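A short write-up of the structure that comes next.
In the working numbering, the protein residues as written are 4 to 262.
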């Protein structure tokens, strides 16, 4: 009896480990439900929980400009050949220098053209500022200090006879300081020069400039026969410092004018 019990017990001990090993390597059977556990929805939720789902939002940023095959080939050649890279830099510098030289030439040409325009303008201004006789198409009818029955004293000016309405212009630059009726002088305009000399333009039929600065050739009025006269003419007097009159003829000649 004891021997039989022992063998039976030993047989059970030998069979048990094999059964236990077989059970250990089996996986428990999983029950399948409607959709796979790792479907698209489940993967999206899992990625969103870990922060990896934010990548598609970043894809909305503008993509960089595509690199063309020519760019890749050019970059590859420059990187592979230092000589080509140096030549490219030299060409780039040459282009920059040529552009700078062309710009400098354009600026110089513009400055030269501006200088020529300024020179022409200065010449024109000089022409306009040159002294000029006060009347065109005239003839001299009376000299300074001439005696005659028409004057109570010697003649105090120079008479330029011309048709009524002929423009009377400023001999040189100055300022009109007086204009209006003046008795025997008729309508008169007084121009004061920078050195204080006064020029009197008398017997005018009308006054065009009554005051203010004037340049040579500015119209002051027109030839007339107002005041004590026998015919239309301009009576011109020259009075240094506004004092007694002097002979207008040599004074005009000093300005380069030949009446």
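Idealized CB from N, CA, C, for every residue including glycine. It should be emphasised that the depicted structure is a prediction, and the values quoted were computed from it without experimental measurement.
Report yes if the CB atom of residue 219 is closer than 7 angstroms to the CB atom of residue 134, and no otherwise. yes
I need the straight-line Cα distance from residue 233 to residue 198, nearest angstrom please. 34 angstroms
Measure the C-alpha to C-alpha separation of residue 107 and residue 100 and round it to an integer number of angstroms. 10 angstroms
To the nearest angstrom, report how far apart residue 222 and residue 191 are at their CA atoms. 13 angstroms
Starting from residue 216, follow its DSSP beta bridges and name the residues at the other end. 178
Any idea if residue 239 is buried or exposed, counting beta-carbon neighbours within 10 angstroms, 16 or more meaning buried? buried
Examine the Cβ distances between the region 141-149 and the region 161-180 and report whether three or more of them are shorter than 8 angstroms. yes
Using the Cβ count rule (16 or more neighbours within 10 Å means buried), how would you classify residue 203? buried
In the DSSP output, which residue or residues are listed as bridge partners for residue 202? 194 and 241
Considering only residues of the same chain and omitting the five flanking positions on each side of residue 213, which have a CB-CB separation below 8 angstroms? 179, 182, 183 and 192
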